[in-house]
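Novice: Residue numbers (the numbering used here): 473 to 939.
Don't be surprised by glycine CBs; every beta carbon is placed ideally from N, CA and C.
Pasting a structure below so you can have a look.
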Ligand SMILES: [Zn+2]
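What follows is the structure, given as structure tokens:
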């Protein structure tokens with residue numbers, strides 16, 4: 473490795489009550505040790521106290537480091553983890569730009585190097601940064617605490633579409649839908665199949681809240697969700713009585729759960745689903761990877777045998793890989809990548825690009841407004857008024873973008889990866905697949921570095937993006 477003589481070390485203190493953050497002294501000690509191990513000379517240590525901020529606050533040392541990098545005074549950066557360096561993907565993009573211009577290619581984190589000269593290394597770094605950010609965001613943690621607080625009080629969560637059977641306040645029974653829930657429950661308990669129930673709903677002209685046709689999975693979700701019998705569910709767990717009246721009795725509810733969630737009943741293909749089926753290739757032989765569960769854990773693998781002509785050389789556990797790829801997809805739908813997204817083909821390029829820029833500008837403006845409100849620069853009334861105006865403009869742009877580009881699965885979400893991320897787990901599986909497919913052409917999975925270890929190592933994943 474090249475000798476570096478003017479290395480920047482960066483550390484950031486951030487306020488975090490979860491206790492999982494590392495002290496700045498520990499960050500610095502680790503970074504110094506890493507520089508010493510490489511025989512590098514540290515020129516300066518940059519330290520910021522970021523304790524109050526999620527966004528919009530100044531980080532003087534970080535800015536100073538960027539300036540030093542830009543002016544060629546530093547030749548490498550050592551930082552404890554990417555999430556110390558950047559809080560938002562957009563900052564990461566700026567950092568890469570500065571480093572690229574200044575010819576600085578060595579950015580070392582204690583969790584692995586980032587080679588800014590390599591396109592795929594950069595992508596991995598971006599995804600890792602986005603992934604880490606999504607895991608450790610103080611803002612999200614605050615959001616989660618708030619959500620838990622609301623859940624514990626038994627009140628409904630207001631984001632996303634309303635639940636079927638309830639009005640928009642999520643408490644009052646819907647005069648037309650609540651009886652449908654009751655009838656569905658009675659029929660299911662009487663032994664009718666989910667297919668028959670879905671068909672009955674179709675024939676009766678009953679639609680889901682989103683205006684879609686019912687599927688067996690959505691009917692099952694509806695009938696097994698304890699919400700229907702007045703229980704408050706938080707992250708898949710019943711945590712107490714809700715503030716609303718039950719539509720069906722708790723006894724019936726429990727019977728429905730036993731009946732419809734019975735593993736014996738779920739042996740059909742919907743039981744164990746693989747999000748990335750058809751999108752993964754073996755890095756050794758090029759064959760498509762198939763589902764290859766082992767010891768009850770979902771796994772993708774290059775299968776060998778009479779029915780499959782794979783090499784049997786590549787396996788990877790599904791859970792982490794799917795989360796990783798999903799995160800990458802959501803990240804790509806966010807604004808920094810928008811520009812690239814819009815360099816596609818077709819006659820409508822110009823219009824699509826203009827719309828994309830308009831969407832990005834409006835999204836940025838919404839962010840700025842929120843920051844201004846948080847900083848007390850505008851009143852809440854002013855903020856809401858401006859926000860309403862921008863949001864209706866955004867809706868119009870998004871609708872037109874959707875028409876122009878025909879990217880129906882993802883267009884509504886461009887620049888809104890965060891929003892989609894929040895809804896992701898609640899989306900129908902087919903919807904998740906459609907969104908991933910619209911963004912990811914395919915990914916090659918390389919063999920594990922250590923044979924037999926089929927866990928997720930970002931370096932093993934080589935994505936090929938459509939968008
Ligand atoms: Zn293979």
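1) So that I know if they touch, is there some Cβ in chain D lying closer than 9 Å to that of residue 833?
2) Residues in its own chain within less than 8 Å of residue 506 by CB, not counting five upstream and five downstream?
3) Got a sec, what are the start and stop residues for the alpha helix (DSSP H) residue 672 sits in?
4) Relative to ligand 1, is the shortest distance from any of its heavy atoms to the C-beta of residue 479 smaller than 8 Å?
5) From residue 888 to residue 866, what does the alpha carbon distance come to, in whole angstroms?
6) Pairing CB atoms from the stretch 702-710 with CB atoms from the stretch 675-693, are three or more of them under 8 Å?
7) Residues in the same chain with beta-carbon distance under 7 Å from residue 519, minus the five sequence neighbours each way, listed in chain order, please.
8) Helix, strand or coil: how does DSSP classify residue 787 here?
9) Where do the N-terminal and C-terminal ends of the alpha helix (DSSP H) with residue 690 fall, by residue?
10) Please return the same chain residues whose Cβ sits closer than 7 Å to the Cβ of residue 859, not counting the five positions on each side in sequence.
11) So, for residue 720: in the same chain, excluding its five sequence neighbours on each side, which residues have a beta-carbon less than 7 Å away from its beta-carbon?
12) Any idea if residue 630 is buried or exposed, counting beta-carbon neighbours within 10 angstroms, 16 or more meaning buried?
13) Would you call the stretch 710-729 and the stretch 743-757 touching, i.e. three or more CB-CB distances under 8 Å?
14) For the alpha helix (DSSP H) containing residue 482, name the first residue and the last one.
15) In angstroms, rounded to a whole number, what distance separates the CA positions of residue 937 and residue 646?
16) Can you name the residues that DSSP bridges to residue 754?
17) Expressed to the nearest angstrom, what Euclidean distance is found between the alpha-carbon atoms of residue 558 and residue 934?
18) Counting along the chain, where does the beta strand (DSSP E) carrying residue 936 start and finish?
19) Mind checking whether residue 783 and residue 792 have CB atoms under 9 Å apart?
20) Judging by CA-CA distance, which residue of 618, 849, 773, 687 is the nearest neighbour of residue 665?
21) Specify which residues have a beta carbon nearer than 6 Å to any heavy atom of ligand 1, listing them in chain order.
22) Can you name the residues that DSSP bridges to residue 459?
23) For residue 894, which option in 731, 684, 798 has the closest C-alpha, if you only look at C-alpha atoms?
24) Taking the alpha-carbon of residue 835 as reference, which of 927, 863, 846 has the nearest alpha-carbon?
25) In the DSSP output, what is residue 703 paired with across the bridge?
26) To the nearest angstrom, how far is it from the Cα of residue 540 to the Cα of residue 546?
27) Taking C-alpha atoms, which residue in 844, 873, 853, 767 lies nearest to residue 825?
28) State the start and end residues of the unbroken beta strand (DSSP E) segment that holds residue 515.
29) Classify residue 740 as buried or exposed, calling it buried when 16 or more other Cβ atoms lie within 10 Å of its own Cβ.
30) Can you give me the C-alpha to C-alpha distance between residue 516 and residue 565, rounded to a whole angstrom?
31) So who's on the other strand from residue 645, going by DSSP bridges?
Specialist: This is what the structure gives:
1) Absence of chain D from the displayed structure is noted, only one protein chain being present.
2) Mapped onto the chain shown, residue 506 falls at position 34. Cβ within range, chain order: 550, 580, 582.
3) Working through the chain shown from its first residue, we reach residue 672 at position 200. Per DSSP, residue 672 belongs to the alpha helix (DSSP H) from 666-675.
4) On the chain shown, position 7 is the one that residue 479 refers to. Not under cutoff, so the answer is no.
5) The count along the chain shown starts at 1 and reaches residue 888 at position 416. The count along the chain shown starts at 1 and reaches residue 866 at position 394. One C-alpha to the other measures close to 11 Å.
6) no
7) Walking along the chain shown from the start, residue 519 turns up at place 47. Counting only Cβ-Cβ distances below 7 Å, and skipping sequence neighbours, we find 483, 496, 533.
8) As a working mapping, residue 787 is identified with position 315 in the chain shown. Three-state result, residue 787: strand.
9) Counting from 1 along the chain shown, the entry for residue 690 is found at position 218. 688-696 is the span of the alpha helix (DSSP H), which, as asked, contains residue 690.
10) Position 387 of the chain shown, counted from the first residue, corresponds to residue 859. Answer for residue 859: 838, 841, listed in chain order.
11) As a working mapping, residue 720 is identified with position 248 in the chain shown. Closer than 7 Å at Cβ, skipping near neighbours: 653, 654, 657, 700, 701.
12) Here the question's residue 630 lines up with position 158 in the chain shown. So residue 630 counts as exposed.
13) no
14) Residue mapping note: residue 482 aligns to position 10 of the chain shown, counting from 1. No alpha helix (DSSP H) holds residue 482; the beta strand (DSSP E) holding it covers 479-485.
15) By one-based count along the chain shown, residue 937 stands at place 465. By one-based count along the chain shown, residue 646 stands at place 174. Distance between the alpha carbons of residue 937 and residue 646 is about 43 Å.
16) Counted from its first residue, the chain shown places residue 754 at position 282. Paired residue(s): 917.
17) As a first step, residue 558 is located in the chain shown; it is residue number 86 there, counting from the start. As a first step, residue 934 is located in the chain shown; it is residue number 462 there, counting from the start. Cα-Cα distance, rounded: 24 Å.
18) Along the chain shown, read from residue 1 onward, the residue named residue 936 stands at position 464. That run of the beta strand (DSSP E) goes 933-937.
19) The residue you call residue 783 lines up with position 311 of the chain shown. The residue you call residue 792 lines up with position 320 of the chain shown. No.
20) Here residue 665 is taken as the residue at index 193 of the chain shown, counted from 1. Nearest of 618, 849, 773, 687 to residue 665, Cα basis: 687.
21) 754, 756, 757, 759, 774, 782, 783, 785, 786
22) Lying before the first or after the last residue shown, residue 459 is absent from the chain, which here runs from 473 to 939.
23) For the purposes of this step, residue 894 is identified with residue 422 of the chain shown, where counting begins at 1. Selected option, being the one with the closest Cα: 798.
24) Sequence index remark: in the chain shown, residue 835 carries index 363 (1-based). Considering only alpha carbons, the answer is 863.
25) Here residue 703 corresponds to residue number 231 of the chain shown, with the count starting at 1. The partner list for residue 703 (beta bridge, DSSP) reads 713.
26) Numbered from 1 along the chain shown, position 68 holds the residue referred to as residue 540. Numbered from 1 along the chain shown, position 74 holds the residue referred to as residue 546. Each residue's alpha carbon lies about 6 Å from the other.
27) Mapped onto the chain shown, residue 825 falls at position 353. The shortest C-alpha separation from residue 825 is found at 873.
28) Locating residue 515 in the chain shown gives position 43, where the first residue counts as 1. From DSSP, the beta strand (DSSP E) with residue 515 extends over 514-521.
29) The residue you call residue 740 lines up with position 268 of the chain shown. Low per-residue confidence applies at residue 740: pLDDT is 42, beneath 50, and the placement is therefore not dependable enough to give any value.
30) Locating residue 516 in the chain shown gives position 44, counting from the first residue. Locating residue 565 in the chain shown gives position 93, counting from the first residue. Approximately 23 Å, taken between the alpha carbons.
31) Taking the chain shown and counting its residues from 1, one reaches residue 645 at position 173. Per DSSP, 638.
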